[in-house]
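The opening residue of the sequence shown carries number 107 in the working numbering; numbering runs sequentially from there.
This report concerns only the one structure given below.
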Amino acid sequence: MEKLVVIPTYNESENIKPILHAILGMDLNFHVLVVDDNSPDGTAGLVREIQKEYPGQLFLQVREGKQGLGTAYIYGFRWAIDRGYRYVFEMDADFSHNPKDLERLYQACAHKADVVVGSRYVKGGKTVNWSRYRNVLSKGGALYTRILTWMPVKDPTAGFICYRKEVLETINFDQINFVGYAFQIEMKFAAWKLGFKVIEIPITFVDRKFGTSKMNKNIVKEGILGVLKIQWQSMFKNYRRKVRNSFIPASTLRAEVLS
Numbered sequence: 107m108e109k110l111v112v113i114p115t116y117n118e119s120e121n122i123k124p125i126l127h128a129i130l131g132m133d134l135n136f137h138v139l140v141v142d143d144n145s146p147d148g149t150a151g152l153v154r155e156i157q158k159e160y161p162g163q164l165f166l167q168v169r170e171g172k173q174g175l176g177t178a179y180i181y182g183f184r185w186a187i188d189r190g191y192r193y194v195f196e197m198d199a200d201f202s203h204n205p206k207d208l209e210r211l212y213q214a215c216a217h218k219a220d221v222v223v224g225s226r227y228v229k230g231g232k233t234v235n236w237s238r239y240r241n242v243l244s245k246g247g248a249l250y251t252r253i254l255t256w257m258p259v260k261d262p263t264a265g266f267i268c269y270r271k272e273v274l275e276t277i278n279f280d281q282i283n284f285v286g287y288a289f290q291i292e293m294k295f296a297a298w299k300l301g302f303k304v305i306e307i308p309i310t311f312v313d314r315k316f317g318t319s320k321m322n323k324n325i326v327k328e329g330i331l332g333v334l335k336i337q338w339q340s341m342f343k344n345y346r347r348k349v350r351n352s353f354i355p356a357s358t359l360r361a362e363v364l365s
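In structure tokens, the structure reads:
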């Protein structure tokens, strides 16, 4: 129970089998949990078809209806904590994140940090096949977030991440209320505010070839307003107390004392 990759899906039938084969076929002892929001295109059924090829490595949880990216990840985080995984990864299903980079994230998290972000905006990172508009939107959003929150993360909306279990055990998920870009921002912000070490390593982010992007105006709006809300709460309320889990396992407390 070392490494679990959480992949939220909604209508990813064209991508799900190839991405699962790519991850599990590396034979690096990654386990995968697919959290599917009852995709009408049969994504969950395709996962079930190949579960027999990877007994004890590939898992599926199907939820009722489309509930959003953030809630899917939190569902996966809780599932991972309950089963004792030590490192938990966020990853998209559409090959925008390269499965070969998972091991780089793992090694960095195991030896250098508590949270490792696969970053487009540190030296060596880049995007491929993005329009000028999307590049401007993403880089502008990253700069906007850094200016308002003072968080030392150059790619705060990144969704390719490795967390140590101690980080996830410490964060109160009931206080993480966003579902899109703002979810990704607040998870990093919460980890940073709670004193965990967050670092970035460069990745190449490739735009999806198949399926439809989940980006929409509401997600962008949530990101803009969410950053304001996050910073407001951190300035005028005890943000650390709010976002800190009231019950922290003894293993996490020991790790904090030793650090």
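Glycine included, each C-beta is placed from N, C-alpha and C at the ideal position.
Being a predicted model, the structure only gives us computed values, none of them experimental.
Reduced DSSP secondary structure (H/G/I, E/B, other) of residue i
i	result
residue 196	strand
residue 134	coil
residue 115	strand
residue 205	helix
residue 224	strand
residue 167	strand
residue 312	strand
residue 270	strand
residue 233	strand
residue 349	helix
residue 304	strand
residue 259	coil
residue 277	strand
residue 141	strand
residue 335	helix
Beta-carbon proximity list for residue i, same chain, < 7 Å, skipping 5 on both sides
i	result
residue 194	110, 112, 183, 186, 269, 271, 274
residue 135	108, 109
Residue i to residue j span [Cα, whole Å]
i	j	result
residue 345	residue 254	15 Å
residue 205	residue 180	21 Å
residue 120	residue 173	21 Å
residue 167	residue 153	10 Å
residue 156	residue 123	8 Å
residue 129	residue 265	17 Å
residue 159	residue 352	40 Å
residue 349	residue 300	8 Å
residue 125	residue 347	38 Å
residue 239	residue 289	22 Å
Exposure of residue i, with buried meaning 16 or more beta-carbon neighbours within 10 Å
i	result
residue 340	buried
residue 133	exposed
residue 249	exposed
residue 261	buried
Contacting residues, own chain, Cβ-Cβ under 8 Å from residue i (five flanking each side not counted)
i	result
residue 245	227
residue 235	312, 313
Cβ-heavy atom distance, residue i to the ligand ATP, below 7 Å
i	result
residue 163	You won't find the ligand ATP in this model; it holds no ligand whatsoever.
Chain-order list of residues whose beta-carbon lies under 6 Å from that of residue i (same chain, five-residue window excluded)
i	result
residue 214	222, 307
Assumed close pair residue i, residue j - CB separation to whole angstroms, cut-off 8 Å
i	j	result
residue 176	residue 144	Not a contact, Cβ separation roughly 17 Å.
residue 305	residue 219	4 Å
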